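Okay, so here's the structure we're looking at.
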Amino acid sequence: MRYVGSVLPFFISWGITQMSSVALSFSSLAFGFAFVYALDIQFAKQGLVPKWYLNMRTPLTILVVLCLMLSAYRFGIKEKPTPIAKELVLEVPTPVATGQHTVETNSIQEETQHAEKEEE
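The numbers in this note's numbering rise by one with no breaks, and the one at position 58 of the sequence shown is 863.
The following block contains the structure:
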């Protein structure tokens, strides 16, 4: 069980880096570092880590969390929210007999094209 606890942060952080929002990834990683630091404090109180460990861990954790939060803020400013129409493309089948597109498909395509023009 002890070894699982040592590799679990790696797998969680790898999953976090796969998020679509960079700002959310950075802030989630900062939260993760702060959470692990809180666990380290509890371990130090129980005597499970050496005394020098928290003296080293405290400034490093503060620096890492500060850098991650500043990066999250910076990337959060640059990120533009994407229109839902780009993420959800609904394909409605075309009637074979008439060859006409349905109204829903055309309106979604028009909204997507309009949003793309606004971004330019």
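For glycine and all other residues, C-beta sits at the position ideal for the given N, C-alpha and C. Remember, predicted model here, so these are calculated numbers, not experimental data.
Can you grab the Cα-Cα spacing for the pair residue i / residue j, in whole Å?
i    : j    : result
S876 : T866 : 15 Å
S811 : V841 : 11 Å
N860 : F816 : 26 Å
S818 : S826 : 14 Å
K922 : G881 : 22 Å
L813 : K883 : 31 Å
T863 : Q851 : 17 Å
V809 : K856 : 23 Å
Alpha carbons only, please: which of the options is nearest the one belonging to residue i?
i    : options                   : result
F836 : C872, K856 and I882       : C872
A843 : L829, R879, V870 and S826 : V870
R879 : L868, A828 and Y808       : A828
Can you find the residues in the same chain that come closer than 7 Å, C-beta to C-beta, to residue i, ignoring five residues on each side of it along the sequence?
i    : result
V854 : D845 and F848
Residues in its own chain within less than 6 Å of residue i by CB, not counting five upstream and five downstream?
i    : result
S833 : I821
M824 : S830
8 Å is my cut-off, CB to CB: does residue i come that close to chain C?
i    : result
G837 : The structure shown contains no chain C; it holds only a single protein chain.
According to DSSP, is residue i part of a helix, a strand, or is it coil?
i    : result
P864 : helix
M824 : coil
G837 : helix
G810 : helix
Q847 : helix
V854 : coil
Report all residues from its chain with a CB closer than 8 Å to the CB of residue i; omit the five preceding and five following residues, and keep chain order.
i    : result
F838 : T866, V869, V870 and L873
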